Amino acid sequence: MSEVGLRVNEACKLDLAGIKWDLGRFGKLHVRHGKGARGSGPRERMVPLINNAAATLRWFVEDVWGPVRRRPFPARSGAAVVGAQAHRRVGGSRR
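Residue 1 is where the sequence shown starts when you use full-length UniProt numbering, and the numbers rise one by one after that.
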């Protein structure tokens, strides 16, 4: 998801409802928990699925994630993985 500029915590908090395949030329992601300015809290934003990210995301949703899960990177409890745990999971894949 770094292809479209998503932060680790933003990617971990995505859900299927946030994928808008029909918006724009390539589709967009509705990020509900984006980074806010100092003290403003999380900000929502729409992120275009550029750089072939739409094809990669479609593959992930259909073949890896499956129709059962709501979150792409769930913890054992089913909640979203956040914070240091998210960075450890994603950070290991970039090295």
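C-beta: ideal position from N, C-alpha, C; glycine also. Every value quoted in this text rests on a predicted model; they were computed, and no experiment measured them.
Unbroken beta strand (DSSP E) run spanning residue i, endpoints
| i | result |
| --- | --- |
| residue 29 | 28-34 |
| residue 45 | 43-48 |
Helix, strand or coil at residue i according to DSSP, with G and I counted as helix
| i | result |
| --- | --- |
| residue 118 | Not covered by the structure: residue 118. The range shown for the chain is 1 to 95. |
| residue 7 | coil |
Per-residue burial, residue i [other beta carbons within 10 Å of its own, 16 or more giving buried]
| i | result |
| --- | --- |
| residue 94 | Any reading at residue 94 is ruled out, since the residue's pLDDT is 48, under 50, leaving its predicted position unreliable. |
| residue 10 | buried |
| residue 4 | buried |
| residue 64 | exposed |
| residue 55 | exposed |
| residue 57 | buried |
Contact under 8 angstroms by Cβ, residue i with residue j
| i | j | result |
| --- | --- | --- |
| residue 6 | residue 27 | no |
| residue 31 | residue 18 | yes |
| residue 23 | residue 47 | no |
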